[in-house]
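Visitor: Below are the structure tokens for one structure; questions will follow.
Residue numbers (the numbering used here), protein chains in the order written: chain A, 1 to 111; chain E, 1 to 125.
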């Protein structure tokens, strides 16, 4: 199972919005509504941001939102803040013997 | 609160095995899958598999089948992950993570909800 495809990097200024894409296939993103997004700051464990395509865990800022269209999922961060600077990973359920696949990660730089 | 505390860093020689632990607390241990995910230095996340701590049943990523063994100890609420035939490419941080929802629910096994702090494994001669 190949990794999902994400842009290596994105950037934005404080207060702006950015969108990170995550492209898969009909066997993962396109086949199931089980896309998750994670945030990882340097030398820290990942943190769940989004599950089941669009849902935020309790207590998470509504500046984070997500969607899916066909084989591509997207994470949008609005009102960028300095603390949003981190790596972001998407993942999807696959229904194969490798049940979960991650994207390669996107580094967000807040200018 | 829910916590997953992992064992300390390991240095191993090529060909050896390593066994990592993940001690959980703050919830019913047998109710949630535990995933293992690894991250090579400067690289992305890679899902290795998960275990049902109650039954001991496992689901391994195809890449690791035959080389990984996940086990659980219900008496100590601890999950273990053993990786054998280590090579330099196995140098990575290894994370355990509790699934987001209880076993038996529709989307169980799909999402890593709460993560441990990670364990660094270095494979070097």
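The beta-carbon is built from N, C-alpha and C at its ideal position, and this holds for glycine as well. As the structure is a prediction and not an experimental result, all values here were calculated from the model.
Is residue 39 of chain A helix, strand or coil by DSSP?
Guide: Walking along the first chain from the start, residue 39 of chain A turns up at place 39. Three-state DSSP puts residue 39 of chain A in a strand.
Visitor: To which residues does DSSP link residue 102 of chain A through a beta bridge?
Guide: Walking along the first chain from the start, residue 102 of chain A turns up at place 102. For residue 102 of chain A, which the question treats as bridged, DSSP gives the partners A:91.
Visitor: In the structure shown, what three-state DSSP assignment does residue 68 of chain A receive?
Guide: Within the first chain, numbered from 1, the residue matching residue 68 of chain A stands at position 68. Strand, per DSSP.
Visitor: What residues of chain E sit near residue 98 of chain A, judged by a beta carbon separation below 8 Å?
Guide: Indexing the first chain from 1 puts residue 98 of chain A at position 98. Simply 47, 61, 62, 63.
Visitor: Is there a Cβ of chain A sitting closer than 8 Å to that of residue 100 of chain E, yes or no?
Guide: For this step, residue 100 of chain E is matched to residue 100 along the second chain. Closer than 8 Å: yes.
Visitor: With 16 other CB atoms within 10 Å as the buried threshold, where does residue 118 of chain E fall?
Guide: Within the second chain, residue 118 of chain E is the residue found at index 118, counting from 1. Looking at its Cβ environment, which holds 16 or more other Cβ atoms inside 10 Å, residue 118 of chain E is buried.
Visitor: Verify the CB distance criterion: does residue 105 of chain A have a CB-CB separation below 8 Å to chain E?
Guide: The residue given as residue 105 of chain A occupies position 105 in the first chain. Closer than 8 Å: yes.
Visitor: State yes or no: is the beta carbon of residue 92 of chain E nearer than 8 Å to at least one beta carbon in chain A?
Guide: Sequence index remark: in the second chain, residue 92 of chain E carries index 92 (1-based). No, no contact with chain A.
Visitor: In three-state DSSP terms, what is residue 43 of chain E?
Guide: As a position in the second chain, residue 43 of chain E is number 43, starting the count at 1. Note: residue 43 of chain E maps to coil in three-state DSSP.
Visitor: Chain A beta carbons: is any one of them nearer than 8 Å to that of residue 111 of chain E?
Guide: The residue labelled residue 111 of chain E in the question sits at position 111 within the second chain. Yes, contact with chain A.
Visitor: Report the residue from A:17, A:25, A:51 whose alpha carbon sits nearest the alpha carbon of residue 3 of chain A.
Guide: On the first chain, position 3 is the one that residue 3 of chain A refers to. Of the listed residues, the one whose Cα sits closest to residue 3 of chain A is A:25.
Visitor: Relative to the C-alpha of residue 8 of chain E, which residue among E:61, E:2, E:15, E:23 is closest?
Guide: Looking up residue 8 of chain E in the second chain gives position 8. Ranking E:61, E:2, E:15, E:23 by Cα distance to residue 8 of chain E puts E:23 first.
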